[in-house]
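Peer 1: Below is a structure I'd like to ask you about.
Number of protein chains: 2
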Amino acid sequence: MHTHAFDDAIALTRPPGITPDPTAGHDPGHDPGQHAGIYTGHTSPHYWNMVGPYGGITAAVLLNAVMQHPALLGEPISLTVNYAGAVAAGAFLVSAQPVRTNRSTQHWCVTLTQTDAAGETQVTTTATAVTAARRQTWSASDSPMPAAPAPETLPVMRPPAGSVAWIDSFEMRGIQGGIPTLWDGRESADSLTRLWLRDHPARPLDFMSLASLADLFYPRIWLRRALRTPAGTVSMTVYFHADGAQLAATGSGYLLGQAQGQAYRNGFFDQTGQLWNPQGRLLATTHQIVYFKA
Amino acid sequence: MHTHAFDDAIALTRPPGITPDPTAGHDPGHDPGQHAGIYTGHTSPHYWNMVGPYGGITAAVLLNAVMQHPALLGEPISLTVNYAGAVAAGAFLVSAQPVRTNRSTQHWCVTLTQTDAAGETQVTTTATAVTAARRQTWSASDSPMPAAPAPETLPVMRPPAGSVAWIDSFEMRGIQGGIPTLWDGRESADSLTRLWLRDHPARPLDFMSLASLADLFYPRIWLRRALRTPAGTVSMTVYFHADGAQLAATGSGYLLGQAQGQAYRNGFFDQTGQLWNPQGRLLATTHQIVYFKA
Numbered sequence: 000m001h002t003h004a005f006d007d008a009i010a011l012t013r014p015p016g017i018t019p020d021p022t023a024g025h026d027p028g029h030d031p032g033q034h035a036g037i038y039t040g041h042t043s044p045h046y047w048n049m050v051g052p053y054g055g056i057t058a059a060v061l062l063n064a065v066m067q068h069p070a071l072l073g074e075p076i077s078l079t080v081n082y083a084g085a086v087a088a089g090a091f092l093v094s095a096q097p098v099r100t101n102r103s104t105q106h107w108c109v110t111l112t113q114t115d116a117a118g119e120t121q122v123t124t125t126a127t128a129v130t131a132a133r134r135q136t137w138s139a140s141d142s143p144m145p146a147a148p149a150p151e152t153l154p155v156m157r158p159p160a161g162s163v164a165w166i167d168s169f170e171m172r173g174i175q176g177g178i179p180t181l182w183d184g185r186e187s188a189d190s191l192t193r194l195w196l197r198d199h200p201a202r203p204l205d206f207m208s209l210a211s212l213a214d215l216f217y218p219r220i221w222l223r224r225a226l227r228t229p230a231g232t233v234s235m236t237v238y239f240h241a242d243g244a245q246l247a248a249t250g251s252g253y254l255l256g257q258a259q260g261q262a263y264r265n266g267f268f269d270q271t272g273q274l275w276n277p278q279g280r281l282l283a284t285t286h287q288i289v290y291f292k293a
Numbered sequence: 000m001h002t003h004a005f006d007d008a009i010a011l012t013r014p015p016g017i018t019p020d021p022t023a024g025h026d027p028g029h030d031p032g033q034h035a036g037i038y039t040g041h042t043s044p045h046y047w048n049m050v051g052p053y054g055g056i057t058a059a060v061l062l063n064a065v066m067q068h069p070a071l072l073g074e075p076i077s078l079t080v081n082y083a084g085a086v087a088a089g090a091f092l093v094s095a096q097p098v099r100t101n102r103s104t105q106h107w108c109v110t111l112t113q114t115d116a117a118g119e120t121q122v123t124t125t126a127t128a129v130t131a132a133r134r135q136t137w138s139a140s141d142s143p144m145p146a147a148p149a150p151e152t153l154p155v156m157r158p159p160a161g162s163v164a165w166i167d168s169f170e171m172r173g174i175q176g177g178i179p180t181l182w183d184g185r186e187s188a189d190s191l192t193r194l195w196l197r198d199h200p201a202r203p204l205d206f207m208s209l210a211s212l213a214d215l216f217y218p219r220i221w222l223r224r225a226l227r228t229p230a231g232t233v234s235m236t237v238y239f240h241a242d243g244a245q246l247a248a249t250g251s252g253y254l255l256g257q258a259q260g261q262a263y264r265n266g267f268f269d270q271t272g273q274l275w276n277p278q279g280r281l282l283a284t285t286h287q288i289v290y291f292k293a
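So the protein sequences, as listed, match chains A and B.
Under numbering that gives the first Met the number 0, the first residue of the first sequence carries the number 0, and numbering increases by one thereafter.
Under numbering that gives the first Met the number 0, the first residue of the second sequence carries the number 0, and numbering increases by one thereafter.
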């Protein structure tokens, strides 16, 4: 049985002999349910970016640690990931701690660390997450899915030779606002991109892959300026508007993704995005603030 | 000299005899700059909501702990606050730790805790923040300020008698999408609110008050459904698109705030917002996910 590269990339194991980390958080002695879960993982060449993994896969790894914790309550509602430093190729440690468990919600602090050659441990990524036991209520959307041609009618975007590896782990079919083909520095009128997207090879959707797909939009400043400005996500938030059963029902179908910039100011800009399933259900909304060098 | 109620509400002091908390985070022994700053504060009656403080003031308190840390690098870029449980009236402890300091960015983990009558310490709020030493670059906005009548031409919104206390700590002048006056359960077509807002009494803008104002929009579901559904913010993110000098230049003028819902699904909805200064500069963008009971 062949494992999908995504599942390999987010795989976590509980190292033998490691007990819950007494230094990882607040007063864990009182409540065993507050113990940090400690997991080890390993970067994947299939999701490699220029100097570290694709940010979306790191988000998926951190969320996976929450999902594997024995004290997990419910399913993800929100996830914020802060990219503090590049994750080096190789092994990493993830600590996921439920710092507060209420009747129907649970709050998590998550950290990814690596130990360098000199034996120094560095925090590369932090995250907070909220999970919740949801119940059925009145529901609605103020964000209808934009009209778009069916994905099968649009060409698959082919990255140029020599592109970063992670690009090949996704299938994208552009609708509008594609990556500039002419880097001539001519500012465009807007920064809106729409595309169909999914994992490649296709893989049934779950919370981890949805978090990963939320980071798939290329930096809005590239579209806005038609300059290949160096840029990297500093912090990303994903709000989940579907439960696991709804994600499973989406299966390995395409999602319609949309992203747009809001402000570009002195080295940082933000972009806001939405991800719908083919049936028009808004599965997730996402925002990120991105460093740029200009 | 009279102190503004906002400054009283966010005031933090370093308790004597408390050294940096060795349990608060990652490996602080190696780098004194990674020590958690420990501060004490106290809830304010001027910002009291129903069962705890107004969420925006708690966000301001947590950000203030970052701003007071002796190892602070630069100014806030992003702030995510997770409301894990109600803050009780009285004293609280804030721990702010720089978990990673790069050349131009710094990543923070912040926690607000309280000790209850039984001596149990509870995490009520967690936050992550990124600060950065910004340098001047190409800048632009994809979010022009909507046209609106001047604030002085619009009536000040008067809360009904018996409203929560914090309402009186703000001045709001509605432009559109005001709080329903008829709670008849008739669903409205959209969830967009625009208003002029500032602290009351007026107070010069800074990062803390900007974070606080970002939480001022009432729950979108009230506007959408015309039902006074119980609702409370679970997680809020603020991206800062201005530096301290630009905030100071805004002074105590009005901000134009706009908020809109995106999705309402099984007990949680999200809303996205923008805050411009009167000169039309987008100072902050914000998002939050909100619990609702329906």
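Built from N, CA and C at the ideal position, the CB exists for glycine as well.
Predicted, not measured: the structure shown is a model, and the values here were computed from it.
#1: What's the gap between the Cα of D26 of chain A and the Cα of D242 of chain A?
#2: Which of the three DSSP states is assigned to R202 of chain A in this structure?
#3: Could you confirm whether any beta carbon from chain A is found closer than 7 Å to the beta carbon of I288 of chain B?
#4: Return the CA-CA distance between P21 of chain B and E74 of chain B, expressed in angstroms with no decimal places.
#5: Please list, in chain order, all residues of the same chain as P150 of chain A whose beta carbon is under 6 Å from its beta carbon, the five residues on each side excluded.
#6: If contact means a Cβ-Cβ distance below 8 Å, which residues of the segment 268-281 of chain B contact chain A?
#7: Within this structure, are the beta carbons of D11 of chain A and N81 of chain A separated by less than 7 Å?
#8: Let's see if you can read the secondary structure: which residues bound the alpha helix (DSSP H) around G243 of chain A?
#9: Taking DSSP's pairing of strands, which residues face Q287 of chain B in a bridge?
#10: Three-state secondary structure (DSSP) at P145 of chain B?
#11: Taking all protein chains shown into account, decide if N276 of chain B is buried (16 or more other Cβ within 10 angstroms of its Cβ) or exposed.
#12: Once DSSP output is grouped into helix, strand and coil, what is the label at I174 of chain A?
#13: Contact between the segment 252-270 of chain A and the segment 135-142 of chain B is defined here as three or more beta-carbon pairs at a separation below 8 Å; is this criterion met?
#14: Measure from the C-beta of A139 of chain B to each C-beta in chain A and report whether the shortest distance is under 7 Å.
#15: So, is R102 of chain A buried or exposed, given that buried needs 16 or more other C-beta atoms within 10 angstroms?
#16: How many Å lie between W107 of chain A and A88 of chain A at the Cα?
#17: Output the distance between the C-alpha atoms of L281 of chain A and M144 of chain A, rounded to the nearest integer angstrom.
#18: CB-CB under 8 Å to H199 of chain B, same chain, minus the five flanking residues each way: which ones, in chain order?
#19: In this structure, does DSSP put V60 of chain B in helix, strand or coil?
#20: Distance cutoff 7 Å, beta carbons only. Does R99 of chain B sit that close to anything in chain A?
#21: Among A:A225, A:D269, A:L209, A:P218, which residue has its Cα nearest to the Cα of A283 of chain A?
#22: Kindly indicate if chain E contains any beta-carbon less than 7 Å away from that of Q261 of chain A.
#23: Just checking: is the beta-carbon of P27 of chain A within a distance shorter than 7 Å of some beta-carbon in chain B?
#24: Which value, in whole angstroms, describes the spacing of the CA atoms of D7 of chain B and I56 of chain B?
#25: Helix, strand or coil for W137 of chain B, going by three-state DSSP, please let me know.
#26: Excluding the five sequence neighbours on either side, which residues of its own chain have a C-beta within less than 7 Å of the C-beta of G118 of chain B, listed in chain order?
#27: Assuming F267 of chain A contacts V237 of chain A (C-beta within less than 8 Å), just tell me the rounded distance between them.
#28: Find the residues of chain B that neighbour V50 of chain A, judging by a C-beta separation of less than 8 Å, and give them in chain order.
#29: By Cβ distance, which residues of its chain are closer than 6 Å to M207 of chain A, with the 5 residues on each side in sequence left out?
#30: At the level of alpha carbons, what is the spacing between A85 of chain A and V163 of chain A?
#31: Compute the beta-carbon to beta-carbon distance between A213 of chain A and L274 of chain A, rounded to the nearest angstrom, for a pair I have assumed lies under 8 Å.
#32: Starting from W221 of chain B, trace the beta strand (DSSP E) both ways and give me its first and last residue.
Peer 2: Put simply:
#1: Position 27 of the first sequence holds residue 26 of chain A. Position 243 of the first sequence holds residue 242 of chain A. With a pLDDT of 45 at D26 of chain A, under the threshold of 50, the modelled position of that residue is not reliable, and the figure given next carries that caveat. Going from the Cα of D26 of chain A to the Cα of D242 of chain A covers about 31 Å.
#2: For the purposes of this step, residue 202 of chain A is identified with residue 203 of the first sequence, where counting begins at 1. Correct three-state label for R202 of chain A: coil.
#3: Locating residue 288 of chain B in the second sequence gives position 289, counting from the first residue. At least one CB atom of chain A sits nearer than 7 Å to the CB of I288 of chain B.
#4: Here the question's residue 21 of chain B lines up with position 22 in the second sequence. Here the question's residue 74 of chain B lines up with position 75 in the second sequence. Summary for P21 of chain B: the model assigns pLDDT 44, below 50, so the residue's position carries little reliability; its value from the coordinates is reported in the next sentence. Whole-angstrom Cα-Cα distance: 26 Å.
#5: By 1-based counting over the first sequence, the position of residue 150 of chain A is 151. Here the set comprises R172, W195, Y253.
#6: D269, T271, Q273, L281
#7: Numbered from 1 along the first sequence, position 12 holds the residue referred to as residue 11 of chain A. Numbered from 1 along the first sequence, position 82 holds the residue referred to as residue 81 of chain A. Here residue 11 of chain A turns out to be Leu, not Asp, going by the sequence shown. Cβ distance not < 7 Å, so L11 of chain A and N81 of chain A don't count as in contact.
#8: Locating residue 243 of chain A in the first sequence gives position 244, where the first residue counts as 1. Its alpha helix (DSSP H) spans residues 243-249.
#9: Within the second sequence, numbered from 1, the residue matching residue 287 of chain B stands at position 288. Beta-bridge annotation (DSSP): Q287 of chain B is paired with B:M235, B:Q270.
#10: On the second sequence, residue 145 of chain B is found 146 positions in, with the first residue counted as 1. Looking at P145 of chain B - three-state DSSP - the assignment turns out to be coil, as it is neither helix nor strand.
#11: In the second sequence, the residue the question calls residue 276 of chain B occupies position 277. N276 of chain B is buried by the Cβ-count criterion.
#12: As a position in the first sequence, residue 174 of chain A is number 175, starting the count at 1. DSSP, reduced to helix, strand and coil, places I174 of chain A within a strand of the structure shown.
#13: At 8 Å Cβ cutoff, the stretches touch.
#14: The count along the second sequence starts at 1 and reaches residue 139 of chain B at position 140. Chain A, which has a Cβ nearer than 7 Å to the Cβ of A139 of chain B, makes this yes.
#15: Translated into positions along the first sequence, residue 102 of chain A becomes position 103. Label assigned to R102 of chain A: exposed.
#16: Taking the first residue of the first sequence as position 1, residue 107 of chain A is located at position 108. Taking the first residue of the first sequence as position 1, residue 88 of chain A is located at position 89. Cα to Cα, the separation comes out at about 26 Å.
#17: If you number the first sequence from 1, residue 281 of chain A lands on position 282. If you number the first sequence from 1, residue 144 of chain A lands on position 145. So the alpha carbons of these two residues sit roughly 7 Å apart.
#18: Looking up residue 199 of chain B in the second sequence gives position 200. Cβ within range, chain order: D167, S168, F169, E170.
#19: Along the second sequence, one-based indexing puts residue 60 of chain B at 61. Correct three-state label for V60 of chain B: helix.
#20: The residue labelled residue 99 of chain B in the question sits at position 100 within the second sequence. Chain A contact via Cβ: present.
#21: Position 284 of the first sequence, counted from the first residue, corresponds to residue 283 of chain A. Of the candidates A:A225, A:D269, A:L209, A:P218, the one whose C-alpha sits nearest the C-alpha of A283 of chain A is A:L209.
#22: Annotation note: the requested chain E is absent from the structure, which comprises protein chains A and B.
#23: Taking the first sequence and counting its residues from 1, one reaches residue 27 of chain A at position 28. Confidence in P27 of chain A is poor, its pLDDT being 41 and thus under 50, which makes the residue's placement too unreliable to answer from.
#24: Within the second sequence, residue 7 of chain B is the residue found at index 8, counting from 1. Within the second sequence, residue 56 of chain B is the residue found at index 57, counting from 1. Cα to Cα, D7 of chain B sits roughly 11 Å from I56 of chain B.
#25: Position 138 of the second sequence, counted from the start, is the residue given in the question as residue 137 of chain B. Reduced to three states, the DSSP call for W137 of chain B is coil.
#26: Within the second sequence, residue 118 of chain B is the residue found at index 119, counting from 1. By the criterion of a C-beta distance shorter than 7 Å, G118 of chain B is surrounded by no residue of its chain, once the five residues flanking it on both sides are discounted.
#27: Here residue 267 of chain A refers to the residue found at position 268 of the first sequence. Here residue 237 of chain A refers to the residue found at position 238 of the first sequence. The pair is not a contact, with the Cβ atoms about 19 Å apart (cut-off 8 Å).
#28: As a first step, residue 50 of chain A must be located in the first sequence, where it is residue number 51. Those do not exist, as V50 of chain A stays about 13 Å from chain B at its closest Cβ, beyond 8 Å.
#29: If you number the first sequence from 1, residue 207 of chain A lands on position 208. Closer than 6 Å at the Cβ level, and outside the excluded window around M207 of chain A, lie I9, A59, L62, N63.
#30: Position 86 of the first sequence, counted from the first residue, corresponds to residue 85 of chain A. Position 164 of the first sequence, counted from the first residue, corresponds to residue 163 of chain A. Roughly 15 Å between the two C-alpha positions.
#31: For this step, residue 213 of chain A is matched to residue 214 along the first sequence. For this step, residue 274 of chain A is matched to residue 275 along the first sequence. Taking 8 Å as the upper bound for CB-CB distance, A213 of chain A and L274 of chain A are in contact here, some 6 Å apart.
#32: The sequence position of residue 221 of chain B within the second sequence is 222, counting from 1. Careful: W221 of chain B lies outside any beta strand (DSSP E), inside the alpha helix (DSSP H) at 219-224.
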